[in-house]
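Take a look at the structure set out below.
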Amino acid sequence: MNFDFLQIVMVLGTLLCVLGVILCIRTAGTRFDQIEAGDKDVNLGVAHVPALAFAKLMAFASLIVLPAGAVFLANYHTFEGVHEVRGCAGCHVMLPMANDMKDPKSGTLAARHYKNRWIAENQCYHCHSDYGLSGNLEAKMTGFRHLARYTTRTYHEPIHARVRFDNQNCLNCHAGTPRFEAVQSHKTAHEKLVSNLMICLNCHGQAHPTSVQRTPGSDDYARLTEKLK
Amino acid sequence: MSTENSRDDKDAQTPSDFSRREVLLTLGGLGAAVGGGAATWGGLELMVNSRQTIDSWNKAVCRFCGTGCGVMVGMKDGRVADVRGDELAHNKGVICIKGSMLPELTRIKGRLTSPKIRKAGKLMDASWDEAMGLVAAKFSESIQQFGPDSVAFYGSGQLFTEESYTANKLFKAGIRTNNVDGNPRLCMASATTGYVSTFGKDEPPGCYADADHAQCFFLMGSNAYECHQPIFERIRQRKRLNPDTVIVCVDPRRTKTAEHSDIHLPVIPGTDLLLLNSMAFVIFSEGLQDQRFIDKHVLFSNGEHIVDQAALVQFLQSYAPESVEHELGVSAADIRRVAYLFAKSPATMSLWTMGVNQRTQGTFLNNMLNGLHLITGQIGRPGATPFSLTGQPNACGGVRDTGALSHALPNGRLVANPQHRLEMEKIWNVPEGTISDKPGFDAVNLFRAMEDGRVKAALIMCTNPGASLPAAARYNAAMGKCFTVVSDVVEDSETQRHAQVVLPAALWIEKEGVTGQGERRYQFTPKLLDPPGQARSDLQILADLAVRLGHDKLITARTPQAVWDEWREVSSHSLYNFKGITYERLAKERGLQWPCPTEDHPGTARRYVEGVDPFVTKGTGMEFYGNYNYDKKALVYLRPYVPSPEKTSAEYPLYLTTGRVLEQFHTGTLTDRIAELHQATGNAMFDLNPQDARMLGVNPGDYIEVKSKYGSVIGKARTTEVSRLGVIFAAFYDAKLLINRAVADNYDPTSKQPEYKVTAVSVKRMTA
């Protein structure tokens, strides 16, 4: 459903761009000063618009409305598109996380959540829900920094997260469940968990392949960085 | 027409002018965009740096249990801001709730910050010089008047290796007494005697990574889910990835471990040697043994001399499942099923701890567990190993390996062996005959010797025997009769109530040193904080005492690294050889497993295995080189079941057993001071089976008196199906309950380890 909607957004955005280009060319070729008051009105079917007004409308649409719409749709597509696993796996450095997650032999938290269908879709985003169009400013800034690093190839593998993972991503699903509540220390260390002073992973294990596995030249590197099927 | 003209002029000029401006504008715009982007990026990089909540991550080791988890300690402005499991350490990033609370450990209230001397019944602040001067005077006086055996050292599996080694050397080669023992006697002495009598050498042959390969886990007397949580998590991970894996748990209680096992055998306390012998019976009677392995690598012994396999089979005839099931409390069908799984699984890993070790038959149980692996060939392959889990972070490395026990000398040597004494005298460069040929007092007998005045002065370090000894009331009183010096990190421990001098000690990362966890792995803990007040490391205290007692020429290594360098050199004269484990390597690597004779040796994950263990002769495949007197073969013993002296009776109809809980470590001196951990467990209570509770007329929340021959304890009761019918349980972390007052002090005749797990008790509901 999400996927289809995004496709529609993409098609719509492309159409807007094409339309915008056509209108731009048209607008560029229009000599506004040669449009005389007496020129024929343009028949829009429901109304007759004076030729000059129509030309100005076209110019407004081609220079302001359509670019703004295209930018919005492109942003929407980017931000929402990265909810999908393949959106994340589009970057080389994220391939190990995605490949490991889809590896039924892996025991990382990501892989277990994936193969047991605890999360049916958009698995990356589900546990890293601070990015996306409605995500917080910090995630936007981090994302921008990552994009800059990635596109300029100024990163080193293995990559290390420099921001704190928000336990809320875990608690969103687990808090309140009988199994979670049965553990006394979940309750007594609640403050530390919600304020991220103690990470869930300490007791519950690795989320993704280790930094050693993600280091070029390691035994697992080639397997982990295969293109996502 | 001027407008016409001007328009024409414009038209004439526009193409070139407009396009230049346009190009400039476009370039300028682009430049501004790129500049803006770059500036934003730069700003973000700066911001990310400035917003880091951690200044540096430092590799260290958890302070608590024997799993010895690698942790990363995050420091910020000189404080511990975060602790995380080290993903590259053996524990693969997994620690437990206690480890997660390590930042709080560095800030616990009630730290001891000044030496204290008891004056007019009260502990009063004193200077180091005053306190140590008094200690040295009292020790010297006692040694002069009553001989070296009138003083003693009672140490801990929580001291650093450098500290235990130094104490052992000072007392055995300096003061010339073998009265060096400690709390490891209470937790792993039977594992040691078991391994030594079976393989000729102490310490487990396998490693934690075996859990990634085993198909059958046989957990006996181990509540690993709570006590070695990262290891049990690893077992569960194995099961998740290989659902065919079977987990068997042998425990009188339906513990969390039992709950997460496939098969739970709730044996009656004190009877489980029947189970092991019965499994051996099934293995031989059904032909499940690995005869090729036995022929090549195994000898049989009745404890006095070598016998043949037929003698063992004959011995086992009285242990048929059908004849033991009643006394054992487990059905014959279950015994047969588990014996089959154990023998025929592609790889079986046994894990055991205090339920097996803290027993009057502890050594025999260890022998038989090792024996089951030997007769089925379940050893030396990935996943196939008999693994004794240890309770403390440095019982293995610090105490077992350094021989800081009353009967032992470094690297598996024995006090009673003249050759071993001679070797150590040479290595330590002391005159022949320096080391006494008389084994010192083991834990229980050391406190009995304080009781009757044979030991006049004792230095107790990094442990709380006031709460951890069995028959606690008796031995607390005994400490009061002796000149007791207690080096401790917190005020008001139960032990300090009897101390004449109390010395403030550094805790965890307030000092540096090496710990050796359960799989022979040495790991380094760096110093990241200063100790509070005047507190010092135990090594500093020992070095000071050595100098004051006139042994400055013996104890020349007085910094952790100098001691370690001496110690690894000592090890090179043995089959423990870890000369290749230097401080430099330990600082970089995630611990190293000995043997590791050279600096380019990767360490030994699986001992006795050719190609892995440097001491195995090429072409043998496997060699139990510790048993050089027995053709380098391992020994399987004929070990008869003897009922515990604590059999239930009409007077004492229930079994009391004790243990740990997930959130607390040992007697709670550290963990119970951390709010999150204290709140998670609350005060300790008695767990009763609901049926027992009904028969006794006890309702949940009632206070009950639990009484044994050794003492009585009053506490709150709760009912739970965790307890087997006829078994009552209490955790020992809570000094307010102090359950050890009711626990029996019977001990294994070989290992001298007390039988905490079996005490016959009566239960009486207290009237309001």
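Which chain is which? The protein sequence lines are A and B, in order.
Using this note's numbering, read the first sequence as starting at 69 and increasing by one per residue.
Using this note's numbering, read the second sequence as starting at 8 and increasing by one per residue.
Backbone N, C-alpha and C fix where the C-beta goes; we use that ideal spot for every residue, glycine too.
Everything numeric in this text was worked out from a predicted model, so none of it was measured.
Inset, instruction - Say whether chain A places a C-beta atom closer than 7 Å to the C-beta of B:Cys223. - result: no
Legend entry - Closer than 7 Å to chain B by CB, A:Met69: Caution applies to A:Met69, whose pLDDT of 47 falls short of 50 and renders its modelled position unreliable; the model cannot decide the point.
Legend entry - N-terminal and C-terminal residue of the alpha helix (DSSP H) that B:Glu688 is part of: The residue asked about is misnamed: residue 688 of chain B is Thr in this sequence, not Glu. B:Thr688 -> alpha helix (DSSP H) spans 682-688.
Inset, instruction - Compare the C-beta of B:Thr10 against all C-beta atoms of chain A and say whether one is closer than 7 Å. - result: Interpretation of B:Thr10 is limited by its pLDDT of 45, a score under 50 that renders its predicted location unreliable; the figure taken from the coordinates is listed afterwards. With 7 Å as the cut-off, B:Thr10 does not count as an interface residue toward chain A.
Inset, instruction - Excluding the 5 residues preceding and the 5 following B:Tyr710 in the sequence, name in chain order all residues of the same chain whose CB lies nearer than 8 Å to its CB. - result: Closer than 8 Å at Cβ, skipping near neighbours: Ile721, Gly722, Lys723, Ala724, Arg772, Met773.
Inset, instruction - Give the residues of chain A in contact with B:Thr60, contact being defined as C-beta atoms less than 8 Å apart. - result: In chain order: Arg232.
Legend entry - Residues that B:Gln530 bridges to, as DSSP identifies them: B:Thr522
Legend entry - Closer than 8 Å at the beta carbon, the chain B residues around A:Leu269: Arg91, Gly92, Gly100
Legend entry - 7 Å Cβ cutoff, B:Gln524 in contact with chain A: Output row for B:Gln524: interface = no.
Legend entry - Neighbour list for B:Gln244 in chain A, Cβ cutoff strictly below 8 Å: Gly175, Gly273
Inset, instruction - Name the residue from B:Met375, B:Trp515, B:Glu596, B:His271 whose alpha carbon lies nearest to the alpha carbon of B:Ser197. - result: B:Met375
Legend entry - Contacts of B:Ala687 in chain A (Cβ-Cβ under 7 Å): Gln252, Ser253, Thr256
Inset, instruction - Answer with yes or no whether the minimum CB distance from A:Leu131 to chain B is below 7 Å. - result: no
Legend entry - CB contact check: B:Ser26 to chain A, cutoff 7 Å: no
Inset, instruction - Take B:Pro652 and list the residues in its own chain whose beta-carbon comes closer than 7 Å to its own, dropping the five residues that flank it on each side. - result: Thr367, Asn753
Inset, instruction - Name the two residues that bound the continuous alpha helix (DSSP H) containing B:His427. - result: Here the alpha helix (DSSP H) through B:His427 covers 425-434.
Legend entry - A:Pro284 versus A:Glu225: straight-line alpha-carbon distance, rounded: Whole-angstrom Cα-Cα distance: 7 Å.
Legend entry - Neighbour flag for A:Met209 against chain B, beta carbons, 7 Å: yes
Inset, instruction - Could you please give the first and the last residue of the uninterrupted beta strand (DSSP E) stretch that includes B:Pro472? - result: Premise fails: B:Pro472 lies in the alpha helix (DSSP H), 472-475, not in any beta strand (DSSP E).
Inset, instruction - Under 8 Å between beta-carbons, which chain A residues line up against B:Arg247? List them in chain order, please. - result: Gly175, Arg180
Legend entry - CB contact check: A:Arg291 to chain B, cutoff 7 Å: no
Inset, instruction - Rounded to whole angstroms, what's the CA-CA distance from B:Ser9 to A:Phe100? Just pull it up for me. - result: The predicted position of B:Ser9 is uncertain, since its pLDDT is 45 and thus under 50; a value taken from the coordinates is nonetheless stated next. Whole-angstrom Cα-Cα distance: 19 Å.
Inset, instruction - Confirm, please, whether the CB-CB distance from B:Ser149 to B:Val158 is below 7 Å. - result: yes
Inset, instruction - Check the Cβ-Cβ distances between B:Trp48 and every residue of chain A, and say whether any is below 7 Å. - result: Yes, because at least one Cβ of chain A sits closer than 7 Å to the Cβ of B:Trp48.
Legend entry - Residue nearest to B:Gly440 in terms of C-alpha spacing, selected from B:Glu430, B:Gly447, B:Asp449, B:Phe448: Taking only the C-alpha atoms, the option nearest B:Gly440 is B:Glu430.
Legend entry - Beta carbon of B:Phe631 nearer than 7 Å to that of B:Lys639: yes
Legend entry - Length of the line joining the Cα atoms of B:Thr355 and B:Phe225: 7 Å
Inset, instruction - Identify whether B:Leu358 lies in helix, strand or coil by the three-state DSSP scheme. - result: strand
Inset, instruction - Go ahead and label B:Glu94 buried or exposed: buried means 16 or more other beta carbons lie within 10 angstroms of its beta carbon, across all protein chains shown. - result: Buried, because 16 or more other Cβ atoms sit within 10 Å of the Cβ of B:Glu94.
Inset, instruction - Determine whether the Cβ of B:Ser107 lies closer than 7 Å to any Cβ atom of chain A. - result: yes
Legend entry - Any non-hydrogen atom of the ligand GTP closer than 6 Å to B:Lys145 Cβ: Inclusion of the ligand GTP in the displayed structure is not the case, the ligand content being empty and no account of it being possible.
Inset, instruction - Let me know the secondary structure DSSP gives B:Arg14 once reduced to three states. - result: Because the pLDDT at B:Arg14 is just 48, under 50, the model does not fix this residue reliably, and the point stays unresolved.
Legend entry - Short CB-CB distance (under 7 Å) between B:Val253 and chain A: no
Legend entry - contact_flag[the segment 527-543 of chain B, the segment 57-73 of chain B] where n(CB pairs < 8 Å) is 3 or more: Taking one beta carbon from each stretch, the segment 527-543 of chain B and the segment 57-73 of chain B have 3 or more pairs nearer than 8 Å; the two touch.
Legend entry - Closest by C-alpha distance to B:Pro446, when choosing among B:Asp188, B:Arg555, B:Val619: B:Asp188
Inset, instruction - State whether the segment 289-297 of chain B contacts the segment 343-351 of chain B, with contact taken as three or more CB pairs (one from each stretch) at a distance under 8 Å. - result: At 8 Å Cβ cutoff, the stretches touch.
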